[in-house]
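Visitor: In order, the protein sequence lines correspond to chains A and B.
Sequential numbering of the first sequence, starting at 781, is according to the numbering used here.
Sequential numbering of the second sequence, starting at 4, is according to the numbering used here.
All C-beta atoms, glycine included, are put in the ideal place defined by N, C-alpha and C.
Owing to the predicted nature of the structure, the values given are computational and were not obtained by experimental measurement.
After the structure tokens below, expect a handful of questions from me.
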Amino acid sequence: MKILVCLKQVPAKDAPLKLNQAATWIREDVSFETNEPDAFALEAALRLKEAHGGEVVALTLGPARAAQVLREALAKGADRAIHLDAGEAAAGAPPLDAFAIAEAVSRAIAGESYDLILTGLQSDDAGYGQTGVILAELLGAPHATIIMQVEPAGERRIKVKRELESGNFQFVEMPTPAVLTIQSGINKLRYATLMGIKQAKNKPLARMTLEEIGASAGLNRQLVHRLFVPSKSKGTTLISGSAKEQAAALVAHLRNDAHVI
Amino acid sequence: MQAELNPRAGLHADIRAAVRELCGTFGGAYWQEVEAAGGYPEAFVAALTGAGWLTALIPEAYGGGGLTLEEASVILEEINRSGANSGACHAQMYTMGTLLRHGTEAQKQRWLPPLARGELRLQSFAVTEPTAGTDTTRIRTVAQREGDRYLISGQKVWTSRLPHTDLLLLLARTTPLEAVRKRGEGLSVFLLELPPAAEREAAGMSARPIRNMVNHETSEVFFERFAVPAENLIGTEGQGLRCILDGMNAERILIAAECIGDGFWFLERARRYACERVVFERPIGQNQGVQFPIARAYANLLAADLMRYDAAARFDAGQSAGAAANTAKLLAADASWECANVCLQTHGGFGFAAEYDIERKFRETRLYQVAPISTNLILAYLAEHVLGLPRSY
């Protein structure tokens, strides 16, 4: 089974985020890490390879720093990696939207045939949750989202378990090639070992620019003009009137302003 | 560490990321539970061992990681920077050096591959005695040759991680002090293969745990005609002190890196709390009385970190690293202690609450002022061996 895993580098989960000067995105002086659902997608891919053989290719799109997530993926067991280098202008700029990313990925893998393409359910930064779905559309492949489990189901078919609402699950059998967006927490992530890191240095890590694949950051259809930090405010409201009036006013506040009832 | 405080954080990024990820799964609650139970962080050490981090300094030819000392120091830095404590397992790195540099090829083939595979642990080091601390030549433990074995008799103290090691490196006197030309002669190093705990007393070995300020397993150990095969002698008989001293520079540099890791952990906690804690309607970090000590501690930590990299580079280049290694350890231990104080002070009363982990790390980093070598002994070394001042002891 040949599996592509799309990984995104995002600000670390508990990073104290500060807006850049133009308030279009956050400042770069934070730690970055692999998007959490993507890490579970990688783990799912590695387990499929270990159980059924094949190849795992890790791919990311981002500035030079984003290659770190590929090195980690190689150290954990991916066979090779592809870095779609968005250039240094991408560092500190608003991320590409889901369509632009999906289109760039589809162009980058043109000519290769994957049985499975895994992405995380959504990214921890932009959080669109659309990249995998749009990628499937662009590739003309079936897709399934919020995947908890993947297993082969005969020749060029897989069976997946989807998480639905209210604790329900859906089991779907589908043909491959397919695109799956993976839910967090579905498996136990492995650590990169020292030997893995050393071996990763000898694994292929291809780099291609957006220009080389005929894509560009200008493909963004969704533009971030300005971000706002939620303002915290606290105040005291004195409710006057009779007990009945006060109770009515309190209920109105809780219902209409605080939205707690 | 989120807003990256360490300007050298990009160095060895792969190692940092991997160690950080592993350590991140052992959070403050884990360490609090281990300490409350007075236990050993077995799961943590097993995870580090499984990932190959503790055998980083064993050459690849023997199945180890074959890393440089600088790279190894980054591993320990990241462990401490995560809020964990390398003290549970760092000796695996230090003690290996004696076997690596002075063991015969047969000895290395025998022990290093299983150590690299994590099947054996070499975590204990028995040099210090109740009546001979830094004055190592005064040790009283003796090893008497009897046929094809040596019989060890004596007492060691501050022997750490004894219940969690298979091998023990021990220094003993093989020629009486009165019979040698130089005090440093007549000492020998042995690698003891410890019998199972239930059989140790019958073999002539017993131990008594020492309760101490931090959750660190350390013991007083007694030997009474404990037999060691002659083939377990490391290096030349009578030249053991040199074998031990040889490893000291590496140990100093690695310990300095642990201090640096602690320092960044404390600073990040202090920085974050000072930004978040609002008193009199503004963050306490807005007060210069709070922010200046944090900023000063940061500057001192960065300076110490540069010295640590300088020492590691000298060591890895095969240059004389004694002065740099000792200076790095001195500065790093002072810097981490300053960071600890600043962090505790910034947190006020909450710093004393166990759930914040600060009081635990505060106790742990205090140890570096004393062990593995005290600050005063480093100053004495620099005064005598670098500055040419008269020997003071």
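With DSSP collapsed to three states, give me the class of PHE1008/A.
Guide: It is coil, neither helix nor strand.
Visitor: Under 9 Å, do GLU73/B and TYR371/B count as touching if we go by C-beta distance?
Guide: No. Outside cutoff.
Visitor: Would you identify the three-state DSSP class for ILE78/B, choosing helix, strand or coil?
Guide: Correct three-state label for ILE78/B: helix.
Visitor: Taking a Cβ distance cut-off of 8 Å, strictly less, list which residues of the region 853 to 871 of chain A are near chain B, in chain order.
Guide: Going along the region 853 to 871 of chain A in chain order, one finds ALA855 with a Cβ nearer than 8 Å to chain B.
Visitor: For LEU70/B, would you say it is in contact with chain A, using Cβ-to-Cβ distances shorter than 9 Å as the test?
Guide: For LEU70/B, the answer is yes, since a Cβ of chain A falls inside 9 Å of its Cβ.
Visitor: Considering only the beta carbon of each residue, do LEU936/A and THR961/A sit closer than 9 Å?
Guide: Correcting the residue identity first, residue 936/A is Arg in this sequence and not Leu. Cβ atoms of ARG936/A and THR961/A: not closer than 9 Å.
Visitor: Residues of chain A with CB under 8 Å from ALA59/B, in chain order?
Guide: Near ALA59/B (Cβ distances below 8 Å), the residues of chain A are LEU974.
Visitor: Would the region 899 to 911 of chain A count as touching the region 824 to 838 of chain A if we require 3 or more Cβ pairs under 8 Å?
Guide: Result no; under three Cβ-Cβ pairs closer than 8 Å.
Visitor: Would you say ASP877/A faces chain B, with C-beta separation under 9 Å as the test?
Guide: No, because no Cβ of chain B sits closer than 9 Å to the Cβ of ASP877/A.
Visitor: Contact criterion: CB-CB distance below 9 Å. Does LYS983/A meet it with respect to chain B?
Guide: Cβ-Cβ to chain B under 9 Å: no for LYS983/A.
Visitor: For CYS278/B, which residues in the same chain have their Cβ closer than 7 Å to its Cβ, ignoring the five residues on either side in sequence?
Guide: The residues are PRO286 and GLY288.
Visitor: Are at least three pairs of beta-carbons, each pair with one atom in the region 850 to 865 of chain A and one in the region 13 to 25 of chain B, less than 8 Å apart?
Guide: Counting Cβ pairs under 8 Å, three or more are found: they touch.
Visitor: Just mark LEU195/B as buried or exposed, buried being the case when its beta carbon has 16 or more other beta carbons within 10 Å.
Guide: By the neighbour-count rule (16 or more Cβ atoms within 10 Å), LEU195/B is buried.
Visitor: Whole angstroms are fine: how far does the CA of TRP34/B sit from the CA of HIS388/B?
Guide: Their Cα atoms are separated by approximately 40 Å.
Visitor: Thinking C-beta only, is LEU1003/A closer than 9 Å to ILE889/A?
Guide: Taking 9 Å as the Cβ cut-off, ILE889/A and LEU1003/A do not qualify as a contacting pair.
Visitor: Could you tell me which of ARG845/A, ARG851/A and ALA861/A sits nearest to ALA869/A, measuring between CA atoms?
Guide: Answer by Cα proximity: ARG845/A.
Visitor: Taking all protein chains shown into account, do 16 or more other C-beta atoms lie within 10 angstroms of the C-beta of LEU392/B, making it buried, or fewer, making it exposed?
Guide: Classification for LEU392/B: exposed.
Visitor: Would ALA87/B and PHE29/B be called neighbours here (beta carbons separated by less than 9 Å)?
Guide: Yes, the Cβ-Cβ distance between ALA87/B and PHE29/B is below 9 Å.
Visitor: Which of helix, strand or coil does DSSP assign to SER1020/A?
Guide: DSSP places SER1020/A in coil when its eight states are reduced to three.
Visitor: Going by the beta-carbon positions, is the gap between TYR276/B and CYS342/B smaller than 9 Å?
Guide: Cβ distance not < 9 Å, so TYR276/B and CYS342/B don't count as in contact.
Visitor: Between the alpha carbons of PRO44/B and ASN83/B, how many angstroms are there, rounded?
Guide: Cα to Cα, the separation comes out at about 14 Å.
Visitor: Which residues in the same chain have their Cβ closer than 8 Å to the Cβ of GLU7/B, if we skip the five residues on either side of it in sequence?
Guide: Result list for GLU7/B: empty, nothing under 8 Å.
Visitor: Please tell me whether ALA233/B and ARG152/B are closer than 9 Å, where the distance is taken between their beta carbons.
Guide: Yes. Within cutoff.
Visitor: According to a CB-to-CB cut-off of less than 7 Å, which residues of the region 65 to 99 of chain B neighbour chain A?
Guide: Residues passing the 7 Å Cβ filter: GLY68.
Visitor: Would you report the Cα separation of THR349/B and VAL930/A, rounded to the nearest angstrom?
Guide: Whole-angstrom Cα-Cα distance: 49 Å.
Visitor: At what residues does the beta strand (DSSP E) containing ALA924/A begin and finish?
Guide: 923 to 932 is the span of the beta strand (DSSP E), which, as asked, contains ALA924/A.
Visitor: Just to make sure I have the definition right: I need the residues of chain A whose C-beta is within less than 7 Å of the C-beta of TRP56/B. Which are they?
Guide: Going along chain A in sequence order, the residues near TRP56/B (Cβ under 7 Å) are LEU974.
Visitor: Rounding to the nearest angstrom, what Cα-Cα distance links GLU917/A and THR911/A in this structure?
Guide: If I take the Cα positions, the gap works out to 10 Å.
Visitor: Using the beta-carbon count (16 or more within 10 Å), is LYS798/A buried or exposed?
Guide: With fewer than 16 Cβ atoms within 10 Å of its Cβ, LYS798/A is classed as exposed.
Visitor: Just the Cα atoms here: how many angstroms apart are GLN294/B and THR52/B?
Guide: So the two alpha carbons sit approximately 39 Å from each other.
Visitor: Find the nearest neighbour of ARG3/B within the set ARG228/B, LEU172/B, VAL224/B and THR162/B, judged by alpha-carbon distance.
Guide: For residue 3/B there is no data in the structure shown, the boundaries of chain B being 4 and 396.
Visitor: Determine, using beta carbons only, whether ARG851/A comes closer than 9 Å to chain B.
Guide: Judged by the 9 Å Cβ criterion, ARG851/A is in contact with chain B.
Visitor: Assuming contact is defined by CB atoms lying nearer than 9 Å, are THR101/B and VAL192/B in contact in what I supplied?
Guide: Closer than 9 Å, so yes.
Visitor: Just to confirm, is the Cβ distance from LEU898/A to ALA825/A under 9 Å?
Guide: Going by C-beta atoms, LEU898/A is nearer than 9 Å to ALA825/A.
Visitor: Identify the contact partners of GLN848/A in chain B, using a Cβ-Cβ distance below 7 Å as the criterion.
Guide: Simply ALA16 and ALA20.
Visitor: What residue range is occupied by the uninterrupted beta strand (DSSP E) comprising ASP865/A?
Guide: Note, ASP865/A: beta strand (DSSP E), 860 to 865.
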